[in-house]
Structures are given as C-alpha cells and as structure tokens.
Amino acid sequence: MFPTAISINATVERLKSSGKVANVTDFDSFLVESFLLLEIYYESFILERVDSEPAYTWNKLLGDIGGQLGLLLGFSILTAVELLELLAVDIGVGVGLASLFRGRNGKAVAHRGD
C-alpha cells in the first residue's frame with residue numbers, strides 16, 4: 019500500500035517544518051482529505067517471456083556479401099581471359115593473313131580479284 023505509515027509521518031514532518039500547514043486548524047482532517055490510499059493488484063501472475071532473434075544474422079550477411087563478391091570476381095576473371103583469348107586469336111589470324119599476302123621473299127604479293 020502507498021503511502022506507508024513511514025512515508026506519511028515523514029511527509030507530515032516536512033510539512034510542519036516548512037510552515038505550509040500553519041493555517042490548518044484540524045491537521046488530522048487535513049491529512050484524511052489530502053492523502054489517497056492506493057492499492058495495486060496484479061490481474062494475473064502469469065509471466066510471459068518474449069524472445070526475439072534477428073531474421074538476418076551477421077554470418078548470413080557476410081556469407082551473402084562474400085558470395086556476391088566471388089560471383090562478380092569470377093565473372094571479371096572470365097571476361098579478362100576471354101578478352102585475352104580474343105586478342106590472341108586476332109593476332110594469330112592477323113599473322114596468318116599477313117603471311118598469306120607476302121611472298122616467299124617477304125615482299126607483298128599483289129592480289130587480283132578475278
């Protein structure tokens with residue numbers, strides 16, 4: 019219960035010492051009219067525990083980031099290798115065509131389109 023007898027006595031002493039109740043003739047009736055007795059009861063004593071866990075954990079986040087980086091890096095490496103292969107084929111074809119148009123002595127052969 020609130021207020022307890024101890025807190026009422028302490029409040030009364032504080033009020034008397036402050037001089038705020040000097041004009042009250044019947045101090046007991048003042049206390050009865052001024053204080054409220056409050057009793058609080060629980061509706062039920064059931065304890066409910068709520069556990070929550072994140073839907074997306076740090077391990078899953080780091081795994082997804084690593085997977086995406088690996089995928090993009092793999093595509094980048096494959097693209098670079100394909101470009102090198104394309105250049106190598108182009109250079110090889112260019113060297114082959116150049117040797118066709120040159121004669122055995124190294125001079126260019128005139129090609130007539132008949």
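In the working numbering, each residue's number is its place in the sequence shown (first place is 1) plus 18.
Glycine included, every Cβ here is placed at the ideal spot set by N, Cα and C.
### Message
Can you look up residue 32 in the DSSP assignment and give me helix, strand or coil?
### Response
helix
### Query
Going straight from the alpha carbon of residue 53 to that of residue 59, what length do you get?
19 Å
### Query
Under three-state DSSP, which class holds residue 96?
helix
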